[in-house]
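Colleague:
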Amino acid sequence: MGKELFTVMAVFITLFLFGMFILRAGLLQIGVEKVQTLLLKATDSPWKGLIAGTLITALFQSSSVVMVLLVGLVAAGIISFRQTIGVILGTNIGSCFTLELVAFQLSDLAVPLLLFGLVLLMFKNAASYTAGCVSFGIGCIFLAMTGLESLADPLASFPVTHHFFQWTNDSHLTGIGVGAIVTTIIQSSTATIGMAMGFIQDQGLSMESGIAIMLGANIGTCLTAYIASIGAGHTARLVAHAHIWLNLLGAVLFYALIPYLADVSYLLAKTASVQLAHASTLYNIACSLLVLPFTAKFAQFVERVAKG
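Reminder that position 144 of the sequence shown reads as 144 in the UniProt record's numbering, one-by-one numbering, no gaps.
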């Protein structure tokens, strides 16, 4: 019975990641070149970069895609490392969009979105293809989240899962570690936090533990940009380092504030999954706005550490 449950869980995680891939594939039809042009125009000031990074990441549903684009632009000498800081701050905020969407539990729309997407994909024009991919991808995501939430109760009955919940609820550091490791493996912070939502909804995990997992998930999502920066030159690697340091320092800063962030989330919504989504959005906005006035200092810090 245990193996079957964990197999089904793996299937739903795969479906979630597949939905993210299809959604991204449709949105990428807008054109990477247009996005690069927008990034070039936005990097002349940190504020513009923040807004552009937020919008582009929300559109493509992947901070990793934007980070890889930034690494490529810096490696090509088109923009400087310091010009990317504002955009990097925006990517963390933009990555919360899908999480907020998923949190509202629109599971009844999953099948209609899947069917509507399939119909649109039968047409051969670009607009229908894009809309079809978006609809089908979101449908897969909603279906996967419904499945993961339905597994929370039976999974919680297993001793190993019970012990895992106990360790995570007893130690925020464990939660951060779990979030970072799982996200590094599946390369989707949204999927990691989405799974935490299901367990919080079923009261297996506490809200504070969910927030700790979210902090770790933000760290784990940095791997793709780091891999892309390997062999791209010292300056391009600084982009990946900046992303890592932003999330590491954010986790350190908010570690002691986890209980307070949980309290604020309780005031913002009644549903546990929505509370965690709002906590994630608040955290990422706060971190980005705290660093925004000091982008030059932050860039100097990253450069100094990289030299050392």
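A virtual CB, placed ideally from N, CA and C, is assigned to each residue, including glycine.
Quick caveat, the model's predicted, so the values are computed rather than measured.
(1) How about Leu-113 and Gly-139: do their beta carbons lie closer than 8 angstroms?
(2) Going along the chain, which residues of its own chain have a beta-carbon closer than 6 angstroms to the beta-carbon of Leu-143, five neighbours each way excluded?
(3) Starting from the Cα of Val-65, find the closest Cα among Ser-188, Tyr-260, Leu-268, Ala-256 and give me that residue.
(4) Here's the rule: buried if 16 or more other CB atoms are within 10 angstroms of the residue's CB, otherwise exposed. What is Ala-10?
(5) Looking at the secondary structure, which residues open and close the alpha helix (DSSP H) in which Asn-218 lies?
(6) Would Gly-19 and Gly-137 be called neighbours here (beta carbons separated by less than 8 angstroms)?
(7) If you reduce the DSSP assignment to three classes, tell me which class Leu-257 lands in.
(8) Just how far apart, CA to CA, sit Ile-200 and Ala-279?
(9) Per the contact definition of three or more C-beta pairs closer than 8 angstroms, is the segment 196-215 in contact with the segment 51-63?
(10) With C-beta atoms as the reference, is Gly-216 less than 8 angstroms away from Gly-250?
(11) Mapping the DSSP letters down to three states, classify Gln-166 as helix, strand or coil.
(12) Check whether the Cβ atoms of Val-74 and Val-274 lie closer than 8 angstroms to each other.
(13) Give the straight-line distance between the Cα atoms of Met-195 and Val-8, rounded to the nearest whole angstrom.
(14) Find the nearest neighbour of Leu-290 within the set Tyr-266, Gly-198, Phe-301, Leu-246, judged by alpha-carbon distance.
(15) Would you call Ser-45 buried or exposed, if buried means 16 or more other Cβ atoms sit within 10 Å of its Cβ?
(16) Is Gln-201 helix, strand or coil when you go by DSSP?
Modeller: From the atom records:
(1) yes
(2) Ala-110
(3) Ser-188
(4) exposed
(5) 207-220
(6) yes
(7) coil
(8) 13 angstroms
(9) no
(10) no
(11) helix
(12) no
(13) 13 angstroms
(14) Leu-246
(15) exposed
(16) helix
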